[in-house]
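Mind the numbering: the sequence shown is residues 7 to 147 in the numbering used here, read in order. Note that the Cβ used here is the ideal one computed from N, Cα and C, for glycine as well. This report concerns only the one structure given below.
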Amino acid sequence: MGTPDNEDGRERPIANAEVMTGPEERTLTGAISAAVVDLYARAYGHERTTATTYLNDNIVVCVLESILTSAEDALIASGSAGDVIDGRVSFQTNAEDEFTSAVERLTQRRVTAFLSANQTTPGVACELFFLDSAPPALLDL
């Protein structure tokens, strides 16, 4: 859950880490980004969404870009951005258990709260997870 940057060779806890997703990514933040992007891809049928995940103490923030489908872009262009947001909120409400399960599995900590936000211009989203306790590496400090 960290990188071996300390002088004594112990892992340093990850704080405010930024990692882009990719199949070779093996960090916790990269794994969370990949899981959330996968959920979006399965729900919306496109794979251009990218994510950057930040982890700090009990907070996980996953910022997604390029989230909109071509159909959503067309709705926004025709003045129906509210309908797109309503659809996105519905998706995130229905997928809350999947989002939460993925973060719990990867962090090995319980998610106590999940919040989600979307914006159509630009097409971005933010998934915010509150975790139940400090990461094990931080408890030893």
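Looking from the CA of Y46, the closest CA among F136, N124, E110 belongs to N124. Here A108 is buried. Its C-beta has 16 or more other C-beta atoms within 10 Å.
R111 places its beta carbon 7 angstroms or farther from that of D138. Note on F105: 16 or more other CB atoms within 10 angstroms of its CB, so buried under the neighbour-count rule.
In this structure C68 is in contact with S39, their Cβ atoms being roughly 6 angstroms apart against a cut-off of 8 angstroms.
In this structure, the alpha-carbon of A87 lies about 29 angstroms from that of F136. Where A87 is concerned, the enclosing alpha helix (DSSP H) starts and stops at 87-100. The C-alpha of E102 lies about 24 angstroms from the C-alpha of T127.
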